[in-house]
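So the structure is just underneath, and the comments pick up after that.
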Amino acid sequence: MTVIDEKTTDGLAIGGNSKPPPKGKMESFMEFMYDSKQGTVMGRTGISWLQIIAFYIFFYCFLAGFFSSVMVLFLQTLDVHYPARQLKHSKLGVHPGMGFRPHPTDFESSLIWIKTGDRDDQTKARIEYTKGLNDYFEGYNKNYETASNMTLEAGQRPVYVDCSLENPNKPDHTLCKVDLNAFGSCGNNTGYGYNIGQPCVLLKLNRIVNWLPESFDLNDPNTPKELKDWVAAHLSNTTMPTKNQVYVTCDGEDLVDQEKMGQVSLHPPSISASFFPYTNQPFYLSPVVMIQFHNPERGVMIDVVCKAWAKRIERNVNQQLGAVRFSILVDRP
Numbered sequence: 001m002t003v004i005d006e007k008t009t010d011g012l013a014i015g016g017n018s019k020p021p022p023k024g025k026m027e028s029f030m031e032f033m034y035d036s037k038q039g040t041v042m043g044r045t046g047i048s049w050l051q052i053i054a055f056y057i058f059f060y061c062f063l064a065g066f067f068s069s070v071m072v073l074f075l076q077t078l079d080v081h082y083p084a085r086q087l088k089h090s091k092l093g094v095h096p097g098m099g100f101r102p103h104p105t106d107f108e109s110s111l112i113w114i115k116t117g118d119r120d121d122q123t124k125a126r127i128e129y130t131k132g133l134n135d136y137f138e139g140y141n142k143n144y145e146t147a148s149n150m151t152l153e154a155g156q157r158p159v160y161v162d163c164s165l166e167n168p169n170k171p172d173h174t175l176c177k178v179d180l181n182a183f184g185s186c187g188n189n190t191g192y193g194y195n196i197g198q199p200c201v202l203l204k205l206n207r208i209v210n211w212l213p214e215s216f217d218l219n220d221p222n223t224p225k226e227l228k229d230w231v232a233a234h235l236s237n238t239t240m241p242t243k244n245q246v247y248v249t250c251d252g253e254d255l256v257d258q259e260k261m262g263q264v265s266l267h268p269p270s271i272s273a274s275f276f277p278y279t280n281q282p283f284y285l286s287p288v289v290m291i292q293f294h295n296p297e298r299g300v301m302i303d304v305v306c307k308a309w310a311k312r313i314e315r316n317v318n319q320q321l322g323a324v325r326f327s328i329l330v331d332r333p
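The opening residue of the sequence shown carries number 1 in the numbering used here; numbering runs sequentially from there.
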């Protein structure tokens, strides 16, 4: 019997067991993209591709329909006029924040720098502050204008009423009016005091739906002493309501600031509780108080802390809850 020797010569197998040379990367890639022997494209036949495409079409259509159905059901549970979570159940909580206007040109700063000279840059700085207040009040003017042009059909035209001391009881379905002509020396016609170095700063409470203040009574011995002392020191000559108000106080942050702040006045002296609650009413106007600094020491930066006073307001100046901090600097003549 003859024995066939299958030893290799020069690295090649003898006896019919030779392997084809390995394919290059490009050749393997092209064969993966289209294999003419197997009739496949990227490893799948035409029937396989149709099956998987049809599966994903139906799968994603099902996901889109399921998501849309859940979203429609979710939207049915929401009220378009009120947030789903309110007061203590919401991020806003039950303590309104406090803000001020005008904002400084540098938004990272809280310094209101009043330049009293006649140079162009000094005049421009004052104009920017007065423009900031004018822009804020423009929203009030637009509300009044729009309301006056509306028809008198029942429930469509808002009715504004005076909620000042003389009219403490607001009828239902009416809105409190903010009289832009009642700011005295802090009116637009005076340039908000910036031209004469007696600046006015607007103070406001942030809106919280359905929040109601529980007012302090200035005649109540349990009313905080800080509030009563401030009213006695700064508003003794002002006709001051003793209840049903949100009171506002402003003072220097420390004793040095208090000495340098000088005399101040408030227009109006407090915020009527009739402005609340805010229920997302169309044409609602947020109440504001203008504080004027009549004789701050010139050339010195004064840190001021203003607070809102009611039993349901927590005052935390660092978190801007019921309080706000800003600085004023009036240049020397």
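Glycine included, C-beta positions come from ideal geometry on N, C-alpha and C.
- Query: With DSSP run on the structure shown, which of helix, strand or coil describes Ala13?
  - Reply: Model confidence at Ala13 stands at a pLDDT of 49, short of 50, so the residue's coordinates are unreliable and nothing is read from them.
- Looking only at its own chain, which residues have a Cβ that is under 7 Å from the Cβ of Ala273, when we skip the five neighbours before and after it? Pro213, Ser215, Asn244, Gln245 and Val246
- Message: Could you tell me the alpha carbon to alpha carbon distance between Asn210 and Ser90, rounded to whole angstroms?
- Response: 12 Å
- What are the residues that DSSP puts in a beta bridge with Ile112? Ile328
- Query: Can you tell me the Cα-Cα spacing of Glu6 and Tyr34, whole angstroms?
  - Reply: Only weak support is given to the placement of Glu6: the predicted model assigns it a pLDDT of 49, under 50, and the question is left unresolved by the model.
- Does the Cβ of Glu314 have 16 or more other Cβ atoms within 10 Å, making it buried, or fewer, making it exposed? exposed
- Message: Please tell me whether Val335 and Gly262 are closer than 8 Å, where the distance is taken between their beta carbons.
- Response: The requested residue 335 is not part of the displayed model; the chain covers only 1 to 333.
- Val256 to Ala233 span [Cα, whole Å]: 17 Å
- Message: Mapping the DSSP letters down to three states, classify Thr242 as helix, strand or coil.
- Response: coil
- According to DSSP, which residues form a beta bridge with Thr40? Asp35
- Message: On a Cα-Cα basis, can you pick out the residue from Arg207, Gln86, Cys61 and Lys25 that is closest to Ser286?
- Response: Arg207
- Query: If we ignore side chains and look at the alpha-carbon of each, how far apart do Leu111 and Ile57 end up?
  - Reply: 60 Å
- Does the stretch 273-283 come close enough to the stretch 174-188 that 3 or more CB-CB pairs lie under 8 Å? yes
- Query: Looking at the structure shown, is Phe100 part of a helix, part of a strand, or coil, going by DSSP?
  - Reply: strand
- Item | Secondary structure of Lys88, DSSP reduced to three states | helix
- Determine the closest residue to Val289 out of Arg119, Ser270 and Gly299, with distance taken between C-alpha atoms. Ser270
- Within the chosen definition, does the stretch 182-196 reach the stretch 305-312 through at least 3 CB pairs nearer than 8 Å? no
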